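Encoded as structure tokens, the structure appears first; notes follow it.
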Amino acid sequence: MPETPTTPRARRMVDLSSPVVWAAAALLALLLFNAVVNPGFFAVRIQDGHLFGSPVDVLKNAAPTLLIAVGMTLVIATRGIDLSVGAVLAISGAVSFTIIDGSSDPSSPATAAIAIGTALAVGLVLGVWNGFLVSVVGIQPIIATLVLMTAGRGLAMLVTDGQIITAESPAFTWLGRGYVLGLPAQVVLTLLVLLVVAALTRRTALGTLIEAVGTNPEAARLAGVRSRSITWTVYVFVAFTAAVAGLMTNANVSAADANRAGLFIELDAILAVVIGGTSLAGGRYSLTGTVLGALILQALTTTTLTMGVPDEYVRLFKAVVIIAVFLLQAPRIRAALGRRRRGARGVTSPDVPPTDAAADDVRPLTPAQAANSPTTAMPDAAPSPTDQGVLR
Amino acid sequence: MPAPPPATTGGGAPLLLETHAMSTPAPSPVVEMSGITIEFPGVRALDGVGLRLFPGEVHALMGENGAGKSTLIKALTGVYRYDAGTVTVDGVPQRFGTPAEAQGAGISTVYQEVNLCPNLTVTENIVLGREPRRRGSIDRRASRERARRVLGELHLDLDPGSVLGRHPIAVQQLVAIARAVDTDAKVLVLDEPTSSLDAGEVAELFRVVRALRDRGVAVLFVSHFLDQVYEISDRMTVLRNGRLVAEHRTAELSRLQLVQEMIGRELSTLEHLDREPSADTPTDAVPRLRARRLGRTGAIAPTDLDVHAGRVTGLAGLLGSGRTELTRLLFGADRATSGSLEVDGRPVRLRTPRAAIAEGIAFCSEDRKGEGVVGDLTVRDNVLLALQARRGWLRRIPRKQGDELVAKYMQALDVRPADPDALIRNLSGGNQQKVLLARWLLTEPRLLLLDEPTRGIDIGAKAQIQALVSQLAAEGMSVVFVSAELEEVLRISDRITVLRDHRAVADVPGSTATLDSVVDLIASGGDRA
Amino acid sequence: MTVTDTAPAPAPQRPGRSAGRSAYAWLRRTDTGSSTFSVLVTAVLLVVLFGAGTVRYENFGYPQVALNLLVDNAHLIVLAVGMTFVILTGGIDLSSGAVVALSTVVAASLLEKGWAAPLVIALVLAIGTLLGWAMGAAVHHLQLQPFIVTLAGMFLARGLCFVISEPSIPIRDDLFTGLAQNVVELPGNTYLTYAVVIALVVVAVAAFVLHRTRFGRTVYAIGGNEQSAGLMGLAVGRTKVAVYAISGFCSALGGLLFSLYILSGWSLHAIGMELDAIAAVVIGGTLLTGGSGLVLGSLLGVLVLGTIQSLISFDGGLSSWWTKITIGLLLLVFVVVQRVTTRRRR
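Residue numbers (the working numbering), protein chains in the order written: chain A, 1 to 392; chain B, 1001 to 1529; chain C, 2001 to 2346.
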């Protein structure tokens, strides 16, 4: 159920208020635009048993961002944010390449395994650190992760001694440039993580509990939910995704550049999540939306590039699109849209139960008032105020 | 029936009140509201209510929760627009659009939650927005002098340069009053200013209020503490269900009469309610829950409470009497600062709700929206939340089993619409409450704490919930039932603990308790019973 | 069931003051939450760091080394001042680094085209202010989170940079080079640049505005309790929009000073500079939750960062990345201490 933040009502018809629908429409429009303007866009050819073409490029280039965005979705669902993923990515790449570089047998699979294992372990430790600051010490997430965001790249450079480390390890390089069944290994790995997360959140109660913690922390606490460990866990997980993304991106270029690797990826990941319709205020999240969001971001870049738009306009174009998406999601603008919809719905479907906002504010009603009130059910005949049990 | 003597009559009590009949209390009121009507969608919150405030009086605005007190205050201070009626200030008709406009006309408000900036100094808070300036820059010396003067007028010995947030809430409240004085307020509205103060702090607050009254300020005082109302007020206006009940001189109204007016019953019309006779609890049985001197500083005085198996224990008292605070301690929602708890004779420490749940305790909060429902989740997920939380995230309740449980309880509690996949925030209040009950019943608790489970829900759902509680008790569950609705408490409870002013004042068996006796206990704390 | 206890009304006991652990007791007594105390801590830190440098490295004690802290960081000081305004209201401005880059690019490209320098300066400042104002309006009127709005602003500003010019453009304008190369001679054979003078004027003006005007008081009030500020009749909306406009102005001015410092405009200048500014503000004792802090603290915060950089560059053995790690650690210490002191206060 955490899949799509659509109401059950919306399952029957397309709910225009759902951000996921908007994101899907945006992606579709982008792709259609490409199909018209650039007929060659969808041409996928097979070469050496591998798929090539713009769609594959989009998927491959989106993979690291998407991977991190999946972890970020869960963090944001708990009302948090993690700014340090770019730094974690850099550290992960730095650690793995340093190990391979320093090993006596850089090309052996065992070395690659040790490098990967260590990098992931370091990522997990950094996640534990962030989660500790947020869930135990109680520091605002944005500030807690700012610490590692600032120090992280320094740590990465400490590991690499400030050098850009290049190393060739076939087993390791496969992570970035390999293929599985014709698809780039990065895409397959990301899909794998996505499937595991989807399964974990839907097959276990994790998704529901995360949403409960993000929607109403106090209600969740009173219901006995272990909010602290859940919050902690999501920070560990997002750091894990960042570490994996670090292995992929660094393996792709066969080099670890502590300074540039994963620069701004935290912002791209957050953008993907927000474009996908998960609110920064926490609560309901949508992995589908996040996937769409990450693809939109990458498709935008690829589209503008294949269209021959000068490279320098790509960023501006992206910025404008992103600002448009944010404006559409502004509470005020949404409220204005929602008001119009709700008004219409109230007329057409009187079975929609009323909210009790007004009743919470002023209560109780005298039976006479209640009888006049269309929002209050009065199953019994209204007795006179004096003998009806309205005693406040 | 003799009225309790007003605690204060001396000092500057306005003479006009002493010499004029209640109906024509002399010169001209500083504020006169009449025929104020406010409608919210589907609800008439205020229905032709009037209020008169005279210079130099402390006027208490009385009424139970939902009577319309806050709405009336908000109409006066420009927060709400009213649909009908007039407000005149010094005889001039006014219609305030914002709190700032009301302030401009000399009406200042001090809220329960101090509405000042804790990070600024006392001086800065007092003069904020009206700082004296000299050549385009704030004149700090003049600011400090002005603050010192105002504090001096109120006889407050306070360092004007100290940061506000470092003072206790009581002092902050006094500073808020000082700010009002600095604006030359003619009318000062005090909306439950004493709810978190101790006795000494209240005395200090009252000293300041009296000083203001003596200067001719009209003070509108809202409080749930009857003792305080009788101590400080000269006159009072009683509201009930959005209507004006009466205007009284405090000295002429007994507490019993006041409570009757607030809750809307004449003693003569009260009859003994039909209730299943409950067997008296054997005194030697080990209670399911035993609290000894359980208390929390500032919330509830040390209290003893025994809850037996298969019994409903009612907590009766006015709003703010400590009902909710006590219930929250029993669930570990707040930590107790004193006393001990035993479950089945075993000492337990409830540091968290999880610990309480592990002991088989369940708790429905009075704040359904803020602490109960998880609005973004479906009814199904809300029902399963507590059970799922107890199992841990890894062991998801199997889909089929969950569906069956949800269906069973939704049917048993008659949740409508009967769609487990509806978002809970789209349900009506009564149905949300049923969902929350289902959430807890699923955990098969041995002790169910219900804080205002029937508040704000329609009568049909209310009756269903009451029937359910009786049934659960009959099946052996222990229930603590909190409600502002006395009749409900009386009808359901086997024993009733009466709370007043943050402490338990009496414990009566349900079989002998009558509305009269409980109302009397609430009013006078058993002193005169 | 019995209710035997009818103890007197609950008298809140103040938490007992344990006399033990004297350092802790001293901390309890001292108003550690006050901004003056925080700034004092930063000042002590600065002196200790600088003292350590003087003891350890032969030439560190030269007056010009101290003055170079200002010379090398004039732009960051201005940036931190703008950031202080925003953070005091409880907001954040992620766009300032990008606006610095945009300012350098706009200035360099227009100067290259032969525009008059004063006109360029005015235009750059106007662009920055306008951008900030727009972000403030989005924060206030659309109720969007500052983080998201300024993130979008950051993308927009960087995007504009690339559109104007991707490669780095050198600045050869006489006024700019003149301002950059001429210095203010001070006694003792030391000097300051004009950029430093401008930065210090900005600090002074900001301090005046924050402490001596109603606008400044409103900034603090919003950070303390926005709802209360509204109920007290303060112009909350106008002030919130204004602080982002001020931050935009400061970013643009910082960008101009930065272009004086390196005499070029480049779209990749000042990457991550907003983080340095935020770090300086936090190390300067301003609460990230808003409502408490001094501009003077932010100035000292920048100097602390500068000192760390100097220390590391003086020590041949330490590599430059230690700067980032040290700043991160300092940030951590300050954030945790802030958390502990504010938790105690509530």
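Even for Gly, the Cβ is constructed at its ideal location relative to N, Cα and C. Remember, it's a predicted structure, so these values are computed and weren't measured experimentally.
- Task: Helix, strand or coil for Ser-1406/B, going by three-state DSSP, please let me know.
- Result: Correcting the residue identity first, residue 1406/B is Val in this sequence and not Ser. Judged by DSSP in its simplified three-state form, Val-1406/B adopts helix.
- Ala-2064/C (DSSP reduced to helix, strand or coil): First, the residue type needs correcting, since residue 2064/C is Gln and not Ala in the sequence shown. In the three-state DSSP reduction, Gln-2064/C falls in the helix class (H, G or I).
- Query: Does the stretch 1384-1396 of chain B come close enough to the stretch 218-232 of chain A to have 3 or more Cβ pairs within less than 8 Å?
  - Reply: Contact between the stretch 1384-1396 of chain B and the stretch 218-232 of chain A is present, because at least three Cβ pairs lie under 8 Å.
- Item | Length of the line joining the Cα atoms of Tyr-1111/B and Glu-1192/B | Rounded to the nearest angstrom, the gap between the Cα atoms of Tyr-1111/B and Glu-1192/B is 7 Å.
- Message: Distance cutoff 7 Å, beta carbons only. Does Ser-2109/C sit that close to anything in chain A?
- Response: So no, Ser-2109/C is outside the interface.
- Query: Do Val-2184/C and Leu-2192/C have their CB atoms nearer than 7 Å?
  - Reply: The answer is yes: Cβ separation under 7 Å.
- Item | For Ser-1340/B, three-class secondary structure by DSSP | Note: Ser-1340/B maps to strand in three-state DSSP.
- Query: What residues of chain B sit near Arg-2339/C, judged by a beta carbon separation below 7 Å?
  - Reply: What Arg-2339/C touches in chain B: nothing, since even the nearest Cβ is about 16 Å away.
- Query: According to DSSP, is Leu-1239/B helix, strand or coil?
  - Reply: In this structure, DSSP gives Leu-1239/B an extended state, which the three-state scheme calls strand.
- Query: Quick one, are the C-beta atoms of Val-439/A and Ile-275/A less than 7 Å apart?
  - Reply: Since the first residue of chain A shown is 1 and the last is 392, residue 439/A is not available in this structure.
- Below-7 Å beta-carbon distance, Val-2335/C vs any chain B residue: For Val-2335/C, the nearest beta carbon of chain B is not closer than 7 Å to its own beta carbon.
- Query: Who are the neighbours of Leu-1116/B on chain C, taking C-beta pairs under 7 Å?
  - Reply: Around Leu-1116/B, the beta-carbon contacts reaching into chain C at under 7 Å are Ser-2228.
- For Leu-146/A versus Leu-83/A, is the C-beta distance shorter than 7 Å? Yes, Cβ-Cβ distance for Leu-146/A and Leu-83/A is below 7 Å.
- Message: Less than 6 Å between C-beta atoms, sequence neighbours within five positions excluded: which residues of the same chain meet that for Thr-1512/B?
- Response: Closer than 6 Å at Cβ, skipping near neighbours: no residue.
- Message: I'd like the span of the beta strand (DSSP E) that includes Thr-1497/B, first residue to last.
- Response: Here the beta strand (DSSP E) through Thr-1497/B covers 1495-1500.
- Query: In the structure shown, what three-state DSSP assignment does Ala-2137/C receive?
  - Reply: Helix.
- Task: Return the residues of the stretch 2299-2325 of chain C that lie within a Cβ-Cβ distance of less than 9 Å from chain A, sorted by chain order.
- Result: Residues of the stretch 2299-2325 of chain C that bring their beta carbon within less than 9 Å of a beta carbon in chain A comprise Ser-2319, Ser-2320, Trp-2321, Trp-2322, Thr-2323, Lys-2324 and Ile-2325, in sequence order.
- Message: So for Leu-2318/C, helix, strand or coil by DSSP?
- Response: Three-state result, Leu-2318/C: coil.
- Message: Closer than 8 Å is the cut-off here; do at least three beta carbon pairs connect the stretch 2240-2248 of chain C with the stretch 1136-1145 of chain B?
- Response: Output reads no: the stretch 1136-1145 of chain B does not touch the stretch 2240-2248 of chain C.
- Query: Closer than 7 Å, CB to CB, is Ala-1102/B near chain C or not?
  - Reply: Chain C contact via Cβ: absent.
- Message: Please classify Asp-1157/B as buried or exposed, where buried requires at least 16 neighbouring CB atoms within 10 angstroms.
- Response: Answer is exposed; the Cβ neighbour count stays below 16.
- Task: Verify whether the separation of the beta carbon atoms of Lys-243/A and Ser-92/A is less than 7 Å.
- Result: Looking at the sequence provided, one finds Ala at residue 243/A rather than Lys. A distance below 7 Å separates the beta carbons of Ala-243/A and Ser-92/A.
- Message: Taking DSSP's pairing of strands, which residues face Gly-1295/B in a bridge?
- Response: Answer by DSSP bridge pairing, in chain order: Ser-1338/B.
- Message: For Ile-1232/B, would you say it is in contact with chain C, using Cβ-to-Cβ distances shorter than 7 Å as the test?
- Response: False, the Cβ-Cβ gap to chain C never drops below 7 Å.
- Would Ala-284/A count as contacting chain B if we go by Cβ distances under 7 Å? Note that residue 284/A is Arg in the sequence shown here, rather than Ala. Yes - at least one Cβ of chain B is within 7 Å of the one on Arg-284/A.
- With a cut-off of 7 Å, does the C-beta of Gly-2293/C fall near any C-beta of chain B? No, because no Cβ of chain B sits closer than 7 Å to the Cβ of Gly-2293/C.
- Item | Assigned exposure category for His-1059/B - 16 Cβ within 10 Å defines buried | Result: buried.
- Query: When the Cα atoms are used, what is the spatial distance from Pro-1453/B to Val-1312/B?
  - Reply: When rounded, the distance between both Cα atoms is 14 Å.
- Any beta-carbon of chain B closer than 7 Å to the one on Gly-138/A? So, not an interface residue.
- Task: Taking only heavy atoms of the ligand COA into account, decide whether any of them is closer than 6 Å to the Cβ of Ser-103/A.
- Result: The model on display carries no ligand, and the ligand COA is accordingly not part of it.
- Message: If you follow the beta strand (DSSP E) that Tyr-2191/C is in, where does it begin and where does it stop?
- Response: From DSSP, the beta strand (DSSP E) with Tyr-2191/C extends over 2190-2193.
- Message: Closer than 9 Å between beta carbons: that is the criterion. Which residues of the stretch 1371-1384 of chain B meet it against chain A?
- Response: Going along the stretch 1371-1384 of chain B in chain order, one finds Glu-1371, Gly-1372, Val-1373, Val-1374, Gly-1375, Asp-1376, Leu-1377, Thr-1378, Arg-1380, Asp-1381, Asn-1382 and Leu-1384 with a Cβ nearer than 9 Å to chain A.
- At a Cβ threshold of 7 Å, is Ser-1137/B touching chain C? In terms of beta-carbon proximity, Ser-1137/B lines the interface with chain C, with at least one pair separated by less than 7 Å.
- Message: At the level of alpha carbons, what is the spacing between Ala-112/A and Ala-258/A?
- Response: Spanning the two alpha carbons is a distance of roughly 19 Å.
- CA-to-CA distance, Ile-1232/B to Arg-1210/B, given in whole angstroms: Answer to the nearest angstrom: the Cα atoms are 8 Å apart.
- Helix, strand or coil at Arg-1215/B [DSSP, three-state]: The DSSP-derived three-state label of Arg-1215/B is coil.
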